[in-house]
Amino acid sequence: MALNNSKLTLKNLWLQYLQKQFYSQKYEYEIPDVYRNAFYLANASLVNYTNWFVHNALRVIYHEIITELKAKGHNINEAIKKINSIINIIEPCNHFIDVQFPVKMEDGQYEIFRGFRAEHGVYIRDRPCLGGLRLWPKIEKSDIKALASISTYKYACMGIDLTGAYGGIVLSRDFLQEKELQRVIETYTKELTKKGFCGESVDVFEPDMNCGSNEMTWIIAANSKLRGNIGNACAVGKPFLFGGVQNREKAVAQGIFFGLDVFLQNKEIMRSIGLNAGWSHKTFILQGLGNVGSFTGLYLENAGVKCVGIVECDSHIYDGKGISIHEAIMYKRKNGSLKGFKSLAKCNEPNKVLIANCDILVLAAAEKSLVYYIADKVKARIVIEAANGPLTPSVHKILVGRNKLVLPDIYINSGSSIASYFEYLKNIQHLPLKITEGRTNELFLQALKSDKHVVKYTFPNNAFNSEVLRKRILSDNSEKNVVTEVIDNIMQHTAKDIIKTAKLYNLGLDFRTAAYIKVLKKLFWTACKF
């Protein structure tokens, strides 16, 4: 017991040291205490440590914004008040609804369900909100608010003129028949529609955790029935026949693949973390074999990267000789779990897999999934936030301080945000996507009109043929081509902008702060027009 206490004490001292080192830099702007504490609290809420990332980025550009405001005619006091007022507009969720509603079950009895929806950034720009819906037994209100704000930051990072939203229904799918689940979704939608939280011009849904295309179809049907119209733009992520875009379920993984490619091909960055540029001779460990994790794992595997570990909530595997992602997915699909997979899956000490030898660690599970007391033992040189919020500020600082490349959630898992925006454009204009492409905003237009109409990959010294990979990702269907090429172009454009920002502000490998600086600049000057 004394030994365990001493370990915890050493960890606390280490975090205090990191905090002291971090805050020893002199800035004109101080992070508010409520978020400042989120730096070292292991149980900090997602909303608090997300706001810590926002205010940390603001510290870096605070003097620059003051200077720009003074150039526009503000004195120093007016400039400070202006910044504070704009941050007060950007930071909080503007609308939040908590509904409890009865649903008739198949046995004739009624059960009460609880659902939430948060909208963020509604006063930043006159655009609809768009964000995910999760179905999960345990949902915190503060997490829903944080995920809504993260959605806004993703759109801003990608240059998309939308703001964020997020919702959740407290339930376990395992205990519901499909008809019962459909009634829950439809009733939830009706309650939100009545309150102005669902509609193509106000709040658009997309599938997230434990949620898919069927649920989006039910949302559209319930919304249309209540409003008396036949529109299909109040939800994205629908089946293609109902107005969805093809390969939508792969969009996050495609964005991760394309975004990672930019950094892997950057010789300077790879040299700084001790890796050779390119995809060859790389290994990865995957946390979470859900939709995002599965497709990401398959893309990496197809690129010649060897999977050596998989971590699930009830089992984990490590095999330095390699694990077939395809076989693991098929096994889980058949058995509902990886338990017993090739007699390798174990059920104890999954953290040992997360800190095992590999080059790339993909975090595709949930929030706060890499705990601070093992962060300094992570051996991977690249950490990918394929899920939202897997790293707290202290974990992020430990990893970056140990010369790790961390690809942040608001950038690296934004492929679905791009696909969702395109589906939304397609739906509201009632046009095929290949016609819609000429009517998108400037950034998308730039991407689509670029000289690069074919996605390029270079895998030096890799036996895997990059042309084969290109053909696997890009089909002959023109709509698939448009979505995939735009995801690639936007991820490349944004990555280069983030890298440039990191250099401009001498941030080293802290690409998260660089991404948040990009976000803050866009949102700040947009909100200034409010």
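If you count by the working numbering, then the sequence shown holds residues 1456 to 1985, one letter each, in order.
Positions of the beta carbon are idealized from the N, C-alpha and C atoms, including for glycine.
No experiment lies behind these values; they were computed from the predicted model shown.
Annotated three-state conformation of phenylalanine 1556 is strand, per DSSP. Where threonine 1618 is concerned, the enclosing beta strand (DSSP E) starts and stops at 1618-1625. The closest CA to that of asparagine 1702, considering only Leu1524, Thr1847, Lys1977, Phe1877, is found on Phe1877. Here the alpha carbon of proline 1694 sits roughly 11 angstroms from the alpha carbon of tryptophan 1673. Within the DSSP secondary-structure output, aspartate 1658 pairs in a beta bridge with Cys1584, Gly1654. Secondary-structure assignment with DSSP links glutamate 1566 through a beta bridge to Val1558. The straight-line gap separating the alpha-carbon atoms of valine 1707 and glutamate 1670 is approximately 19 angstroms. DSSP places cysteine 1612 within a helical segment (H, G or I) once states are collapsed to three. Glutamate 1723 and isoleucine 1640 have their C-alpha atoms some 49 angstroms from each other. Taking 9 angstroms as the cut-off, the Cβ atoms of glycine 1587 and phenylalanine 1508 do not count as close. Restricting attention to Pro1805, Gly1759, Thr1751, the CA atom closest to the CA of isoleucine 1784 is found in Thr1751. With respect to the C-alpha of methionine 1946, the residue from Glu1595, Ile1839, Ser1869 having the closest C-alpha is Ser1869. Assigned with DSSP and collapsed to three states, alanine 1874 falls in helix. Contact between isoleucine 1728 and asparagine 1858 holds: their C-beta atoms lie close to 6 angstroms from each other, under 8 angstroms. DSSP places glycine 1764 in the uninterrupted beta strand (DSSP E) bounded by 1761-1766. Following the DSSP letters along the chain, one finds glutamine 1720 in no alpha helix (DSSP H), marked with neither H nor E. Taking 3 residues as the shortest admissible run, the segment 1784-1859 contains the following complete beta strand (DSSP E) segments, listed from N- to C-terminal end: 1815-1818, 1837-1840. Per DSSP, the beta-bridge partners of phenylalanine 1571 are Asp1553, Gly1623.
Exclusion of the five residues before and after threonine 1949 leaves Cys1612, Met1613, Tyr1866 as the residues of its chain whose Cβ lies within less than 7 angstroms of its Cβ. Distance check between isoleucine 1953 and each of Tyr1879, Pro1583, Phe1718, Val1937 places Phe1718 closest, using alpha-carbon atoms only. Around arginine 1589, the same chain offers Gly1623, Asp1663, Met1664, Asn1665, Cys1666 as residues with beta carbons nearer than 7 angstroms, after the five sequence neighbours per side are excluded. Note that the segment 1498-1516 touches the segment 1847-1854; at least 3 beta-carbon pairs, one per stretch, sit closer than 8 angstroms.
Comparing alpha carbon positions, the residue from Lys1776, Leu1799, Gly1775 closest to tyrosine 1786 is Leu1799.
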